[in-house]
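Let me begin by presenting the structure, written as C-alpha cells, before commenting on it.
Chains as they are written, first to last, in the working numbering: chain A, 248 to 482; chain B, 756 to 910.
Structure, rendered in C-alpha cells:
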C-alpha cells in the first residue's frame with residue numbers, strides 16, 4: 248500500500264439515506280476528476296433498510312405496509328452485500344477514496360475496513376474478528392457487530408461500513424441480516440463491560456482508526472453545517 | 756492453490772512463456788490488456804473479454820457477475836457490468852468499443868469461474884468490435900506485467 252495523502256473528513260450528523268446517496272454520487276464524480284482528495288463521511292441514518300446490487304428482497308421479512316408503521320424506509324443500492332439495517336446509534340463511515348492511488352484491491356480494502364472496526368471494538372475491551380470466508384464483516388463470536396457494503400467505480404469507493412454502538416437491535420428481527428440466517432447481531436453496548444462515552448467520541452475514534460490504518464498523513468475536518476451549505480451552493 | 760499453480764503451468768507451457776512461482780499473477784502472451792485489468796482476445800473483429808488473474812486475485816471470491824444484455828453497446832474504457840466479491844461491487848470496463856454478441860451465462864451459476872479460470876472458462880462477454888484501431892490504446896502482455904508490478908510495487 249502506498250502512502251495516502253490527505254483525508255478530508257465530513258461530519259454529517261444524522262442524514263437521510265437518499266440525501267447521502269446523492270452526496271456520494273457527486274463526491275465520487277469529483278474524486279474521479281481529482282476535484283477533491285480522499286474524503287470520509289461520518290454519519291448516522293434514521294431507521295433505514297437497504298439492499299445491495301443483488302436485490303435480495305427475500306431477506307426482508309415484513310411487508311412494505313409494516314415498514315411504514317415502524318417508521319423505516321427501504322432503499323435499493325448498487326453496493327455489494329445483502330440486506331442490512333441502519334439507525335440511530337450506529338456509526339457509519341462512507342469513504343470516498345481512490346484505491347488505485349494507494350494500490351489497494353477490493354479484498355484488501357474491505358479487510359482494512361474490518362480492521363478499522365476491530366480496532367475500535369478493542370478500545371472497549373471487545374475482542375472482535377473478521378468473518379470467515381463469505382461472511383465479510385466484524386463479529387464477536389457468533390454475533391455481528393459491524394457490517395460492510397461497498398461500491399467501487401473506476402477505483403473510487405462509496406458506501407462503506409456500519410458499526411453498532413447501541414442501535415435498537417429489534418429492527419434487525421425484520422430481516423435476515425446480511426442473508427445469514429443462523430447468526431445474531433450485537434452492539435458495543437451489549438458486548439463491553441466498560442462505560443461508553445458520548446457517541447461523538449466513539450465516532451471520532453472510528454475516524455482515527457480508519458485514518459491510521461489507511462496511513463493518511465493529514466486530516467482536515469468539515470463540520471456538517473458548512474458541508475450542507477456548500478452542497479446547497481453546488482446544487 | 757495447488758490446482759491454480761498446475762493450471763498456470765499448463766497454460767504457460769502451452770503458450771511457451773515462463774511462469775515464475777513467486778506468487779503473483781499470470782499474464783498471457785497473446786492478449787491485450789486495459790489499465791483497469793481487463794483482457795481482450797481479438798480474432799478478426801470478434802473480441803472475447805474478461806478480467807485478468809491480477810484482477811481476480813485482488814477482488815477475492817466472486818459471488819455475482821452482472822452481465823449486460825446481448826445487443827448492448829460497449830465503449831472502450833466504459834463500464835458494461837460489475838462483479839461482486841467480499842461485499843464489494845466493482846465495475847468492469849470494456850477494453851474495446853462495439854456490440855455485445857454473447858454473454859457467459861455460465862457465470863450466473865458459477866461466478867467463481869472468474870477466479871478459477873479468468874482467461875478461459877471465466878470469460879465475460881463477446882463483442883463485435885467497432886474499430887480494431889482502438890487496440891493500440893491497450894497494453895501487450897509485457898507492458899501489462901510491468902504495469903501490474905508498478906501498481907503492486909509498494910506492498
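Ideal Cβ placement from N, Cα and C applies to all residues, glycine included.
Predicted, not measured: the structure shown is a model, and the values here were computed from it.
Residue closest to residue 273/A, alpha-carbon to alpha-carbon, out of 404/A, 384/A and 309/A: 404/A
Within-8 Å CB hit, residue 426/A to chain B: no
CB contact flag (residue 862/B, residue 820/B, <8 Å): yes
Residue-chain proximity (residue 275/A, chain B), Cβ-Cβ < 8 Å: no
Inter-residue spacing [alpha-carbon to alpha-carbon] between residue 395/A and residue 345/A: 18 Å
Simplified DSSP state of residue 458/A, which is helix, strand or coil: helix
Cutoff 7 Å; reference residue 482/A; Cβ partners in own chain excluding five residues on either side: Any reading at residue 482/A must be qualified, since the residue scores a pLDDT of 35, below 50, and its modelled position is unreliable; the value itself is stated next. None.
Residue 357/A at chain B interface by Cβ criterion, 8 Å: yes
Beta-bridge pairing of residue 846/B - partner residues as DSSP gives them: 837/B
Sequence-distant residues of its chain with Cβ nearer than 7 Å to residue 840/B (five each side left out): 814, 815, 816, 817 and 818
DSSP three-state assignment for residue 445/A, whether helix, strand or coil: coil
CB of residue 784/B within 8 Å of CB of residue 852/B, strictly: no
Cβ shell of residue 415/A (< 7 Å), same chain only, five flanking positions each side left out: 334
C-beta contact flag for residue 878/B and residue 864/B at 8 Å: no
Best match in 889/B, 794/B and 857/B for proximity to residue 830/B [C-alpha to C-alpha]: 889/B
Cβ neighbour criterion (16 or more within 10 Å) applied to residue 972/B: Residue 972/B lies beyond the stretch modelled for chain B, which goes from 756 to 910, so this question has no answer here.
Residues sharing a beta bridge with residue 796/B, DSSP: 803/B
Burial state of residue 838/B, where buried means 16 or more other Cβ atoms lie within 10 Å: buried
Residue 465/A - containing beta strand (DSSP E), residue span: 463-470
Straight-line Cα distance separating residue 309/A from residue 316/A: 11 Å
Within 8 Å of chain A by C-beta, residues of the segment 824-844 of chain B in sequence order: 834, 837, 839, 840, 841, 842, 843 and 844
Neighbourhood of residue 452/A by C-beta, 8 Å cutoff - its chain only, sequence neighbours within 5 removed: 367 and 370
Three-state secondary structure (DSSP) of residue 406/A: strand
Selection from 276/A, 279/A, 291/A and 248/A that minimises the alpha carbon distance to residue 257/A: 291/A
Cβ pair count under 8 Å reaching 3, the segment 298-309 of chain A against the segment 325-333 of chain A: yes
Residue-chain proximity (residue 846/B, chain A), Cβ-Cβ < 8 Å: yes
Every unbroken alpha helix (DSSP H) within the segment 847-876 of chain B, with a cutoff of 4 residues, ordered by chain: 861-864 and 868-871
The segment 880-887 of chain B in contact with the segment 788-805 of chain B per 3-pair CB rule at 8 Å: yes
Residue burial classification, residue 903/B (beta-carbon count within 10 angstroms, cutoff 16): buried
Neighbourhood of residue 777/B by C-beta, 6 Å cutoff - its chain only, sequence neighbours within 5 removed: Residue placement at residue 777/B is poorly supported in this model, since its pLDDT is 36, which falls under 50; the coordinates still yield a value, given next. The answer is none, since no qualifying residue turns up.
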